[in-house]
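Visitor: Each residue of the sequence shown is one higher than the last, beginning at 1388 in my numbering. Just so you know, even glycine gets a beta-carbon here, dropped at the ideal spot from N, CA and C.
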Amino acid sequence: MLLKDRPVPRTRFLSKLILISVLFLAGCKTSEERAEGYFQSGLTLLEAGDVDRALVELRNVFALNPRHKAARLVYADAQRDRGLLTDAYGQYLAVLDQYPDTPEALIALSEIAILANSWDDAEIHGRAAADLLPADPRVKVITAMLDYRAAVMTEDVAATAAPVATARQALLDDPASVIARKIVIDHDINAGDIPEAIALIKDGLALDPDQLDMHVIRLGLLDSSGDTAGVQAALEEMSVQFPENLQVREMLITWYVEQDNLSAAEAYLRRLASAPDATIDQKITVVDFLSQTQGPDAAKLELEKLIASEEDNGRYRVLRATILFTQGQRDAAITEMEAIVAGAVTSDQARDSKIVLAQMLEANGDNARARAYVSEVIAEDPGHVEALKMSAQWLIAADTPDEAILALRQALAQAPRDIGVITLLGQAYERSGDHDLAGQQYAMAVDISNQRAEESLRYAKFLLARDRVDAADAVLANALTVAPQDVQLLVSMAEIQLSKSEWNRVTRIIRQLRALGTESANGLAAAVEVELLNRQQRFEETMVLLEGMIANGETSIAAKAQLIEAQVRANHLDEAREFLATQLAATPDDPTLRFLQAGLFVLAGDADAAEAGYRALIAEAPENQEALQALYALLATQNRFDEADKILDAAIEANPNATTPRLMKAARLEIIGDFEGAIAIYESLYAQDSGNLVVANNLASMLASHREDSASIASAYAIAARLRGTEVPEFQDTIGWISYRRGNYEEALSYLEPAAGNLTNDALTQYHLGMTYLSLERHAAARETLTRAIALGGDSGLPQLENARRVLAELPSE
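1. With a 10 Å radius around its C-beta and 16 neighbouring C-beta atoms as the bar for buried, classify Met1540 as buried or exposed.
2. Only counting runs of 4 or more residues, tell me where the alpha helix (DSSP H) segments fall wholly within the stretch 1773 to 1859, in order along the chain.
3. Since Ala1458 and Ile1494 are thought to touch, with beta carbons under 8 Å apart, how far apart are those beta carbons, to the nearest angstrom?
4. Starting from the Cα of Asp1995, find the closest Cα among Leu2015, Gln2016, Leu2021 and give me that residue.
5. Please work out which residues of its chain come closer than 7 Å, Cβ to Cβ, to Glu1916, disregarding the five sequence neighbours upstream and downstream, and give them in chain order.
6. Can you give me the C-alpha to C-alpha distance between Ile1499 and Leu1472, rounded to a whole angstrom?
7. Could you please give the first and the last residue of the uninterrupted alpha helix (DSSP H) stretch that includes Phe1926?
8. Of the residues Val1869, Val1874, Arg1839, Ile1883, which one's Cα is nearest the Cα of Arg1855?
9. If you run the structure through DSSP and keep just helix, strand and coil, what is Ser2162?
10. Could you have a look at Ala1413 and say whether DSSP puts it in helix, strand or coil?
11. Would you mind stating whether Ala1840 and Ala1870 have Cβ atoms separated by less than 7 Å?
12. When you compare only the Cα positions, how much space is there between Ile1407 and Gly1429?
13. By the three-class DSSP mapping on this structure, what secondary structure does Thr1905 have?
14. Taking one C-beta from the stretch 1713 to 1722 and one from the stretch 1731 to 1738 each time, how about it: are there three or more such pairs within less than 8 Å?
15. Look at the alpha carbon of Val1644 and the alpha carbon of Arg2111, and state the distance between them as a whole number of angstroms.
16. DSSP three-state call for Tyr1486: helix, strand or coil?
17. Which of helix, strand or coil does DSSP assign to Gly1436?
18. Please confirm whether Ser2097 and Leu2090 have their CB atoms less than 7 Å apart.
19. If you run the structure through DSSP and keep just helix, strand and coil, what is Ser1408?
20. Could you give the DSSP three-state label for Asp1573: helix, strand or coil?
21. Can Leu1609 and Ala1621 be called in contact, C-beta distance under 7 Å?
22. Report all residues from its chain with a CB closer than 7 Å to the CB of Gly2123; omit the five preceding and five following residues, and keep chain order.
23. To the nearest angstrom, report how far apart Asn1648 and Gln1634 are at their CA atoms.
24. Quick check: the Cα distance between Gly2060 and Ile2068, rounded to an integer number of angstroms?
25. Hey, is the stretch 1564 to 1573 in contact with the stretch 1530 to 1538, meaning 3+ C-beta pairs nearer than 8 Å?
26. Got a sec? Which residues, its chain only, sit under 8 Å from Met1388 by beta carbon, not counting five neighbours each side?
27. So, under 8 Å CB-CB, Ala1475 and Ala1463 are touching, yes? Tell me the CB distance rounded to an integer number of Å.
28. From Ala1671 to Ser1678, what does the alpha carbon distance come to, in whole angstroms?
29. Starting from Ile2059, follow the alpha helix (DSSP H) in both directions and report where the run begins and ends.
30. Quick check: the Cα distance between Glu2030 and Tyr1703, rounded to an integer number of angstroms?
31. Could you check what DSSP says for Gly2184 in three-state terms: helix, strand or coil?
32. Give the straight-line distance between the Cα atoms of Ala2041 and Glu2057, rounded to the nearest whole angstrom.
33. Does the Cβ of Arg1469 have 16 or more other Cβ atoms within 10 Å, making it buried, or fewer, making it exposed?
34. Tell me where the alpha helix (DSSP H) around Ser1612 begins and ends.
35. Would you please state the rounded distance, in angstroms, between the beta carbons of Tyr1816 and Ala1802? I believe it to be under 8 Å.
36. How big is the Cα-Cα spacing for Ile1937 and Asp1684?
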């Protein structure tokens, strides 16, 4: 509030006179004089160690005299000493803007830039400082670092000698010179003198133990030297020096676990949790550790102790309920959460508990109550991040991504680095068809997570769906530098390299998988190698590989099935039958082997035996969708559609939520002209999983193609929005026809021309393009395309083709 806006209290007349006289006298001083007074006051406070008040005085200087160089340098130095480097850097730059040839600012900027690895800035400011004060000791060290880095980057070993010599002398003159020490350490590491480098780091840390980067470098050197005891001692020292650093804490715990010293890890976490100032989060960390290393029962036991010993035990009770839920005791968990929520007073913790309960209810199928709790939380706290995330998920699923984006932006304002919020925002943009913004969000999630596998795999999948293979390759390569032994990353990278025919890189990944030494990794390595050989059509070698694996004790059905498939591909049918018979003799009831046997019957032309095999498999396991598809296809080739339809209906009745049989049924209904029946099935599938791209495309296409009401067209548009910008021909046809139905003929044309160019034998796609040409009054193109559509459709009886005939009859001749 401004002074003039404040209420003026009643005072004695004399007090008013004194106030007026003081103000009058103060007004007699110039702004420069007042600024100087603040500056001197700031210096006095700095000398007394009162930094915060000193900085306030210095900021008063800037308000009165923005060009006060000495004050700005003092302020920048103080902020640098406190570790607030961004502010300090900006103040030094402000000095240079006003006084370009200020060596103190140039030197400080160079040093900050070097230690931050900002080499472009370091070069600019460092060389400028060298021009002004080449003999200054600090400038000589800066120049030595710039020259040394230039020599290393160009691999000019001889050129490193002079700057290293300068750095060694500087270190003798001033052991506190961090930059000089870094030069010598880096040189010793490159020269292979690891003990000397470690000794230099130790000396440097004795002078300034807060250099986290030096701790990390020493840790790496000790680890590469195989000094297990040294690594542990270094990590323990770091944990003492940086008690609040979560990364350091995780490194130490990970080390203990890798050394199979779980008791030491637990003891360390318990020390943190038992400290007088320990937080609830630190106590929960012990619970999490026990859950991961000893199982959920150990975690529950620890929670019971905390609940019994602490009055503020709400979060512990929530965690206990969560464990119960994950163990399958869902009703007990929900009952516990309802009791927690009922007994809680309105607070952040109470709202968090409601969201946990809402998540349980949703997972348990009680969506209505889940939504009610989320609405309660948002009504109390419109910025509650987890509530907004749940709400956004529902909005995305309901094809209202714009509303989801608004909710997520609100959440992002509260938690700008929440990976869940950022990922959901990407999904919302993707659903709305804004793939550029979606990609930006997925990329941001990767960056914030430090290339974590989950986020990297999601972004790579997004890129691959848009045929950006090289970009996906780069994303996974970066993730593998962080987690080189992550099996999912390795397999995904192998799939990319297979698609690019980069056989050597695939071979390296196979070796990496095998080097992990686990049964699952070995199995995946074998699967990748089989695929590699198949892609190269080296079927004989595939058989040799699989036969060797089986001979060496590989007993999995998957390996045996792969061998049979390889024998079939190599046209060794007799060998395949012989091997299969041997395996069936040992395990006659195995469904995979029996499925393969039925397939061999098909190849042999024994349809009756194949049919009997498939029917037996389905009778035993109605959920066997592979057998269902194979039997349906077999009956369809024999034009036995009545029997095929009955089998399909029985499969749906046995598994009403199964996706595959319902997709097959919808396709069948579409073929026979029951479009409303097909739409009803697609709608039920879409309600079950609105993220299924095939279902979304088919439903949108059916609505746009076979309904005329505006509500259906609007629904089709909302569902298909995610397809904008697609290069998949079937998806292009869908979004193009919806654009046509909405009257956006130019947009429709941009999708339908490439779609029709790829789907040359699809009558409906040609019809869609022809009608678009007609609406754009391109009559010759319309006549040609509609004629082609009619020819392709034959006697299908599609209403669209009947309309095409009417249009052609009415089309004026040219």
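Guide: According to the structure shown:
1. In the sequence shown, residue 1540 corresponds to position 153, counting from 1. The residue is exposed, with fewer than 16 neighbouring Cβ atoms inside 10 Å.
2. Segments of the alpha helix (DSSP H) lying fully in the stretch 1773 to 1859: 1788 to 1801, 1806 to 1819, 1822 to 1835, 1840 to 1852.
3. Taking the sequence shown and counting its residues from 1, the one referred to as residue 1458 is at position 71. Taking the sequence shown and counting its residues from 1, the one referred to as residue 1494 is at position 107. At roughly 18 Å, the Cβ-Cβ gap does not stay under 8 Å, so Ala1458 and Ile1494 are not in contact.
4. Numbered from its first residue, the sequence shown carries residue 1995 at position 608. Ranking the options by Cα distance to Asp1995, first place goes to Leu2021.
5. Counting from one through the sequence shown, the residue named residue 1916 turns up at place 529. Hits under 7 Å: Ile1897, Leu1932.
6. Within the sequence shown, residue 1499 is the residue found at index 112, counting from 1. Within the sequence shown, residue 1472 is the residue found at index 85, counting from 1. The straight-line gap from Cα to Cα measures roughly 7 Å.
7. By 1-based counting over the sequence shown, the position of residue 1926 is 539. Per DSSP, Phe1926 belongs to the alpha helix (DSSP H) from 1926 to 1938.
8. The sequence position of residue 1855 within the sequence shown is 468, counting from 1. Nearest option by C-alpha distance: Ile1883.
9. Reading the sequence shown from its first residue, position 775 is the one you call residue 2162. Three-state result, Ser2162: helix.
10. Counted from its first residue, the sequence shown places residue 1413 at position 26. Residue confidence is low: Ala1413 scores 43 on pLDDT, short of 50, so the model does not pin down where it sits. No coordinate-derived value is stated.
11. Indexing the sequence shown from 1 puts residue 1840 at position 453. Indexing the sequence shown from 1 puts residue 1870 at position 483. The Cβ-Cβ distance between Ala1840 and Ala1870 falls below 7 Å.
12. On the sequence shown, position 20 is the one that residue 1407 refers to. On the sequence shown, position 42 is the one that residue 1429 refers to. Unreliable positioning characterises Ile1407 in this predicted model, as indicated by a pLDDT of 36, which lies under 50. The coordinate reading is nonetheless provided below. Rounded to the nearest angstrom, the two C-alpha atoms are 27 Å apart.
13. Here residue 1905 refers to the residue found at position 518 of the sequence shown. Looking at Thr1905 - three-state DSSP - the assignment turns out to be coil, as it is neither helix nor strand.
14. Taking 8 Å as the limit for Cβ pairs, the verdict is that the stretch 1731 to 1738 does not touch the stretch 1713 to 1722.
15. Translated into positions along the sequence shown, residue 1644 becomes position 257. Translated into positions along the sequence shown, residue 2111 becomes position 724. Near 48 Å, if we compare the C-alpha coordinates of Arg2111 and Val1644.
16. Taking the first residue of the sequence shown as position 1, residue 1486 is located at position 99. Judged by DSSP in its simplified three-state form, Tyr1486 adopts coil rather than helix or strand.
17. Here residue 1436 refers to the residue found at position 49 of the sequence shown. If DSSP states are grouped into helix, strand and coil, Gly1436 belongs with coil.
18. Counting from 1 along the sequence shown, the entry for residue 2097 is found at position 710. Counting from 1 along the sequence shown, the entry for residue 2090 is found at position 703. No. Outside cutoff.
19. Counting from 1 along the sequence shown, the entry for residue 1408 is found at position 21. Caution is warranted here: a pLDDT of 37 is assigned to Ser1408, below 50, making its placement in the model unreliable, and the coordinate value is therefore given only provisionally. Ser1408 carries a helical assignment under DSSP once its states are collapsed to helix, strand and coil.
20. Counting from one through the sequence shown, the residue named residue 1573 turns up at place 186. Correct three-state label for Asp1573: helix.
21. On the sequence shown, residue 1609 is found 222 positions in, with the first residue counted as 1. On the sequence shown, residue 1621 is found 234 positions in, with the first residue counted as 1. By the CB criterion at 7 Å, Leu1609 and Ala1621 fall inside the cutoff.
22. For the purposes of this step, residue 2123 is taken as residue 736 along the sequence shown, with counting starting at 1. For Gly2123, where only same-chain residues beyond five positions count, the Cβ hits under 7 Å are Ala2135, Tyr2138, Leu2139, Ala2142, His2155.
23. Numbered from its first residue, the sequence shown carries residue 1648 at position 261. Numbered from its first residue, the sequence shown carries residue 1634 at position 247. The alpha-carbon atoms of Asn1648 and Gln1634 are separated by roughly 19 Å.
24. Residue mapping note: residue 2060 aligns to position 673 of the sequence shown, counting from 1. Residue mapping note: residue 2068 aligns to position 681 of the sequence shown, counting from 1. If you take the alpha carbons of Gly2060 and Ile2068, they lie about 14 Å apart.
25. Under the Cβ criterion (8 Å, minimum of three pairs), the stretch 1564 to 1573 counts as touching the stretch 1530 to 1538.
26. Reading the sequence shown from its first residue, position 1 is the one you call residue 1388. Low confidence applies here, because Met1388 scores a pLDDT of 31, under 50, leaving its location unreliable and the question unanswered by this model.
27. The residue labelled residue 1475 in the question sits at position 88 within the sequence shown. The residue labelled residue 1463 in the question sits at position 76 within the sequence shown. With a Cβ gap of about 5 Å, Ala1475 and Ala1463 count as contacting.
28. Within the sequence shown, numbered from 1, the residue matching residue 1671 stands at position 284. Within the sequence shown, numbered from 1, the residue matching residue 1678 stands at position 291. One detail in the question is off: residue 1671 reads as Ile in this sequence, not Ala. In a straight line, the C-alpha of Ile1671 is about 10 Å away from that of Ser1678.
29. Within the sequence shown, numbered from 1, the residue matching residue 2059 stands at position 672. First-last for Ile2059: undefined, no H or E at that position.
30. For the purposes of this step, residue 2030 is identified with residue 643 of the sequence shown, where counting begins at 1. For the purposes of this step, residue 1703 is identified with residue 316 of the sequence shown, where counting begins at 1. The straight-line gap from Cα to Cα measures roughly 58 Å.
31. Taking the sequence shown and counting its residues from 1, one reaches residue 2184 at position 797. Residue state, collapsed to three classes: coil.
32. Looking up residue 2041 in the sequence shown gives position 654. Looking up residue 2057 in the sequence shown gives position 670. Taking the Cα positions, Ala2041 is about 22 Å away from Glu2057.
33. Indexing the sequence shown from 1 puts residue 1469 at position 82. Counting other Cβ atoms within 10 Å of its Cβ, Arg1469 stays below 16 and is therefore classed as exposed.
34. In the sequence shown, the residue the question calls residue 1612 occupies position 225. That residue, Ser1612, is in no alpha helix (DSSP H); it is neither H nor E in DSSP.
35. Along the sequence shown, read from residue 1 onward, the residue named residue 1816 stands at position 429. Along the sequence shown, read from residue 1 onward, the residue named residue 1802 stands at position 415. Rounded, the Cβ-Cβ distance is 18 Å, inconsistent with contact.
36. Along the sequence shown, read from residue 1 onward, the residue named residue 1937 stands at position 550. Along the sequence shown, read from residue 1 onward, the residue named residue 1684 stands at position 297. Across the structure, Ile1937 and Asp1684 are spaced so that their CA atoms are roughly 39 Å apart.
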